[in-house]
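Below you'll find the structure, written out as structure tokens, and then a few comments.
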Amino acid sequence: MALWKEIVNTEENAKSLIDEHLRALNWNLADFTQITKEYPIPGGERADYAILVNSLPVAIIEAKKQGMDLNAALAQAKNYAKKLNESGKEVFLIFASDGKVFYRQNLKANTRPEKISRLMTYAEIKDFLNPETDILLAGLRNYQKIAVSQVVSAFQLGRDRTYIEMATGTGKTITAAGIISKLYKVGLVRRVLFLVDRDSLAEQTVRSFNKVLGDTFKINRLTGTKEDKYNDISVSTIQFLYVNDKYRAYPNNFFDLVILDECHRSYFGDWHTVIEHFRTGKAKVLGLTATPSDKETQSTDDYFGEPVFRYSYYQGVKDGILAFTERYKFLTNVDLSGIHDMGFDFEPEDLGRRVDVPRRNELIAEKYFEVIGYEQTHTIPKTLVFAASIAHANHLRDALITKYNELNKLPKDSSEAEDFIVVIHNQVRNASELIRKFQEIDSEIRIAVSVDMLSTGIDAPDIEVLVMARPTKSKILYVQMKGRATRKCNEQEHGKTKESFKLIDFVDLAGIEEVVTDETLETDEIIDTTEETEVSSDGEKIPSDKEDGEGKEPKETEKIEMVIADVPVWIVKSEVITSSAFDHIRKQIEPQLKAIKEKTVLKERFVQAVLSWEALNPGIPVDEKYLEAFGFDISTLRDIYGEVTATYKDFIDVALGKTRFKTVEEKNRDAVIAHLKEKKHLNDEQVEFIMMFYDFKKRNPALTFTQFSNSQLLQQKGGIARIKGLFGSLDKFVQLYDEIKAVSFLDV
Numbered sequence: 095m096a097l098w099k100e101i102v103n104t105e106e107n108a109k110s111l112i113d114e115h116l117r118a119l120n121w122n123l124a125d126f127t128q129i130t131k132e133y134p135i136p137g138g139e140r141a142d143y144a145i146l147v148n149s150l151p152v153a154i155i156e157a158k159k160q161g162m163d164l165n166a167a168l169a170q171a172k173n174y175a176k177k178l179n180e181s182g183k184e185v186f187l188i189f190a191s192d193g194k195v196f197y198r199q200n201l202k203a204n205t206r207p208e209k210i211s212r213l214m215t216y217a218e219i220k221d222f223l224n225p226e227t228d229i230l231l232a233g234l235r236n237y238q239k240i241a242v243s244q245v246v247s248a249f250q251l252g253r254d255r256t257y258i259e260m261a262t263g264t265g266k267t268i269t270a271a272g273i274i275s276k277l278y279k280v281g282l283v284r285r286v287l288f289l290v291d292r293d294s295l296a297e298q299t300v301r302s303f304n305k306v307l308g309d310t311f312k313i314n315r316l317t318g319t320k321e322d323k324y325n326d327i328s329v330s331t332i333q334f335l336y337v338n339d340k341y342r343a344y345p346n347n348f349f350d351l352v353i354l355d356e357c358h359r360s361y362f363g364d365w366h367t368v369i370e371h372f373r374t375g376k377a378k379v380l381g382l383t384a385t386p387s388d389k390e391t392q393s394t395d396d397y398f399g400e401p402v403f404r405y406s407y408y409q410g411v412k413d414g415i416l417a418f419t420e421r422y423k424f425l426t427n428v429d430l431s432g433i434h435d436m437g438f439d440f441e442p443e444d445l446g447r448r449v450d451v452p453r454r455n456e457l458i459a460e461k462y463f464e465v466i467g468y469e470q471t472h473t474i475p476k477t478l479v480f481a482a483s484i485a486h487a488n489h490l491r492d493a494l495i496t497k498y499n500e501l502n503k504l505p506k507d508s509s510e511a512e513d514f515i516v517v518i519h520n521q522v523r524n525a526s527e528l529i530r531k532f533q534e535i536d537s538e539i540r541i542a543v544s545v546d547m548l549s550t551g552i553d554a555p556d557i558e559v560l561v562m563a564r565p566t567k568s569k570i571l572y573v574q575m576k577g578r579a580t581r582k583c584n585e586q587e588h589g590k591t592k593e594s595f596k597l598i599d600f601v602d603l604a605g606i607e608e609v610v611t612d613e614t615l616e617t618d619e620i621i622d623t624t625e626e627t628e629v630s631s632d633g634e635k636i637p638s639d640k641e642d643g644e645g646k647e648p649k650e651t652e653k654i655e656m657v658i659a660d661v662p663v664w665i666v667k668s669e670v671i672t673s674s675a676f677d678h679i680r681k682q683i684e685p686q687l688k689a690i691k692e693k694t695v696l697k698e699r700f701v702q703a704v705l706s707w708e709a710l711n712p713g714i715p716v717d718e719k720y721l722e723a724f725g726f727d728i729s730t731l732r733d734i735y736g737e738v739t740a741t742y743k744d745f746i747d748v749a750l751g752k753t754r755f756k757t758v759e760e761k762n763r764d765a766v767i768a769h770l771k772e773k774k775h776l777n778d779e780q781v782e783f784i785m786m787f788y789d790f791k792k793r794n795p796a797l798t799f800t801q802f803s804n805s806q807l808l809q810q811k812g813g814i815a816r817i818k819g820l821f822g823s824l825d826k827f828v829q830l831y832d833e834i835k836a837v838s839f840l841d842v
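Structure below.
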């Protein structure tokens, strides 16, 4: 009985600590219109705490004794929120705590739970749920308000860096304006620096901010003069501050908030010193990106941590915010073997030489005019063409002008189309002026051929056609290129509306099309792309399965293996993109996703079973027969957790939060160390230096050995001289690293 009482007291002590914490935040625990304990949940369960606004529950807090898994407590709170929502309530904010550690999750933000420094005050929660404190915020879309609340709350609760991920066209800039306005309102900032990496984007941002914030805040480009101190919001390119160390002219506490536009870019190389200068003055850092997290953007997650908000292209299409894609695919048999590989993409000039083939350029021009139906309409929709190099862009423009002249029965060397079919890149003298003209609704420029200059930050919602003539391996670049056309257009005064756009793919970029953007998407969203128009390799629209009544199999060329949502699937590579292909993927992946969900549920049940035993039989080891009665024999547990050598004790310790299983990366790292010691016969210090570089590259894949050699990390260990002393030469050191960098040793 005494042991049982001790367990009860331990859990009650956690609640007592939470009570004290809430009182310190000015909560009135006797005001049951604000907060109540043991709140009834449909089905007979009770939540430890429910927070109420207007007598309705809006948030749940689950308390657990110290040592318990707070993620399991969050899962429990999530289940309570789901049941309350099914009964007509709206609860999407959940917390878990043991009285000393606090976790929070916003179920509408499409992000994982986050550790926070404290719970929220009642005023903060009310403000979080209803952020419309001024006209600007009241005019935001619902998902944008959620993003504002997430960022403001993250900074209020102690985070100094965070980022949000929003698809192109969903309003990152207006959301950033809302965040700035709200942070001013709550007194967290007084001077803001907004950083971009292109001059055209800086001008565009100043214009956009002045439209929505100009009546309240002074907004200007950073000039490097004393006038900057009068700005509320300063916009600058990162290059302006970095060159000649101009950032040093500003005290490190000059800005309270630094916002990085397109934060997946190279802010983490040499330019990192600019950001860190202001961070040492306690400036908060907010990143904005349209690019979903993956290994290409690892440095973003390493620097900021997990994003606090996500809104994907597919969610935007589903909500009617973004234009959907009509995909046209033509194969032109480009051989990419042997092209210099820069890691995440090909070297541009090398790529340009390989794809810049006269007959191929002619074919692209021919198919482009077929797809837009030029011979029937004699109109050219606003079009953006992505080329591989400057020479390739010029040759594509020539091919398009030649085809235009042919279709209009003009002389081959006619210059009629030269003013509306243009090349735009950073070596064109009037590039900025051409970009400005191209962005105008119904611009005289109908076709812009670009290399990379127009892949980001260009706001031209009436772009109706994208031509992909540039192969890439980079999901970042692909998402950016596609994002140029995803905005809807509703310019009534010009008689211009757009609900969809054509994507003409000559380089098989569908292979890196993002099918599932994050863990929160359900299986049926995998096939959202069936909205895309199906077109054969000679440009004819193919009847859908419903139209021809039978459904034709795509012409098979080869089978390829892809990994979707961590599930390997086989896909027939074809010249035709048909709905049957998506059905084929769905049928393979659906059982796998279902199994993943079932394993998650089984893990939660196993944790509950172990915790129940602990509560009823404190101090007594969990009986294996008891677990088997719940269906958790050792082979089942090994299957659920994917740990083929683990014992009952290992699984029980994990369930109790005493330990955790190592990740695949951790296991691989251990195996690499073992390989270096046992196969390469390196001593401990040599292994330490190899692994120092290994970890450096894992965190910062884009950084070079030169940057590693200049890092403070290496200097503290003796620098290059010590590497030479240990390995004889730098070449030997790099050679050893190259042998292990891309190899998994788990099965060696």
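Residue numbers (the working numbering): 95 to 842.
A virtual CB, placed ideally from N, CA and C, is assigned to each residue, including glycine.
Fair warning: this is a prediction, and the values are worked out from it, not measured in the lab.
*Around the C-beta of residue 324, are 16 or more other C-beta atoms found within 10 angstroms, so that it is buried, or is it exposed?*
Residue 324 should be labelled exposed.
_residue 185 vs residue 151 beta-carbon contact at 8 angstroms_ = yes
*Looking at the structure shown, is residue 563 part of a helix, part of a strand, or coil, going by DSSP?*
coil
*Indicate the three-state DSSP secondary structure (helix, strand or coil) for residue 544 in the structure shown.*
strand
*asked:* Cutting at 7 angstroms between CB atoms, please list the residues of its own chain near residue 843, excluding the five before and the five after it.
replied: With the chain represented from 95 up to 842, any question about residue 843 goes unanswered, as that position is not in the structure.
*Go ahead and pull the three-state DSSP assignment for residue 778.*
helix
*Are the beta-carbon atoms of residue 286 and residue 219 separated by less than 8 angstroms?*
no
*Is the number of C-beta pairs between the segment 449-461 and the segment 485-503 that are closer than 8 angstroms three or more?*
yes
*Measure how close the beta-carbons of residue 731 and residue 779 come, nearest whole angstrom, since I'm counting them as under 8 angstroms.*
Their Cβ separation, rounded to whole angstroms, is 40 angstroms, which puts residue 731 and residue 779 out of contact at 8 angstroms.
*Neighbourhood of residue 259 by C-beta, 6 angstroms cutoff - its chain only, sequence neighbours within 5 removed*: The residues are 383, 401, 404.
*In terms of residues, what are the limits of the alpha helix (DSSP H) holding residue 242?*
236-250
_Is the separation between the beta-carbon of residue 355 and that of residue 288 shorter than 8 angstroms?_
Yes.
*Using alpha carbons as the reference points, say which of 580, 133, 601 lies closest to residue 592.*
580
*For residue 619, which of helix, strand or coil comes out of DSSP?*
Interpretation of residue 619 is limited by its pLDDT of 30, a score under 50 that renders its predicted location unreliable; no figure is taken from the coordinates.
_8 angstroms contact criterion, which residue 166 and residue 188 should meet: CB distance rounded_ = So it is not a contact: roughly 13 angstroms between Cβ atoms.
*Compare the Cα-Cα distances from residue 733 to each of 697, 768, 757, 553 and report the closest residue.*
697
_Only counting the same chain, and skipping five residues up and downstream in sequence, which positions put a Cβ closer than 8 angstroms to that of residue 544?_
478, 479, 480, 481, 487, 517, 518, 519
*Inter-residue Cα distance where the pair is residue 273 and residue 242*: Cα to Cα, the separation comes out at about 5 angstroms.
*Taking the CB atoms as reference points, tell me whether residue 133 and residue 141 lie closer together than 8 angstroms.*
yes
*Quick one: residues in its chain with C-beta nearer than 7 angstroms to the C-beta of residue 715, no 5 flanking neighbours on either side, listed in chain order?*
none
*Leaving out the 5 sequence neighbours to the left and right, which residues in its chain are closer than 8 angstroms to residue 299 when beta-carbon positions are compared?*
267, 288, 290, 329, 355
*Between which two residues does the beta strand (DSSP E) harbouring residue 764 extend?*
Premise fails: residue 764 lies in the alpha helix (DSSP H), 758-772, not in any beta strand (DSSP E).
*With burial defined as no fewer than 16 other Cβ atoms inside 10 Å of the residue's Cβ, what is the status of residue 117: buried or exposed?*
The residue in question, residue 117, is exposed, as its Cβ has fewer than 16 Cβ neighbours within 10 Å.
*Any idea what DSSP makes of residue 494, helix, strand or coil?*
In the displayed model, residue 494 falls within a helix according to three-state DSSP.
*Which residue from 317, 246, 813, 483 puts its Cα closest to that of residue 269?*
246
*Do you know how far the Cα of residue 573 is from the Cα of residue 316?*
30 angstroms
*Taking C-beta to C-beta, are residue 410 and residue 577 nearer than 8 angstroms?*
no
*What are the start and end residues of the beta strand (DSSP E) that includes residue 810?*
That residue, residue 810, is in no beta strand (DSSP E); it is neither H nor E in DSSP.
*Nearest to residue 308 by alpha carbon, out of 320, 297, 326, 296?*
326
*List the endpoints of the continuous beta strand (DSSP E) containing residue 860.*
The structure shown does not extend to residue 860, since the chain is modelled only from 95 to 842, so the question has no answer here.
_Simplified DSSP assignment, three categories, for residue 142_ = strand
*So is residue 180 buried or exposed if we call it buried at 16+ other beta carbons inside 10 Å?*
By the neighbour-count rule (16 or more Cβ atoms within 10 Å), residue 180 is not buried but exposed.
_Of the listed residues 827, 810, 811, nearest to residue 818 (C-alpha basis)_ = 827
*asked:* DSSP three-state label for residue 509, please.
replied: coil
*In the DSSP assignment, find the alpha helix (DSSP H) that holds residue 269 and state where it starts and stops.*
Run containing residue 269: 266-279, per the alpha helix (DSSP H) assignment.
*asked:* Can you give me the C-alpha to C-alpha distance between residue 786 and residue 105, rounded to a whole angstrom?
replied: 43 angstroms
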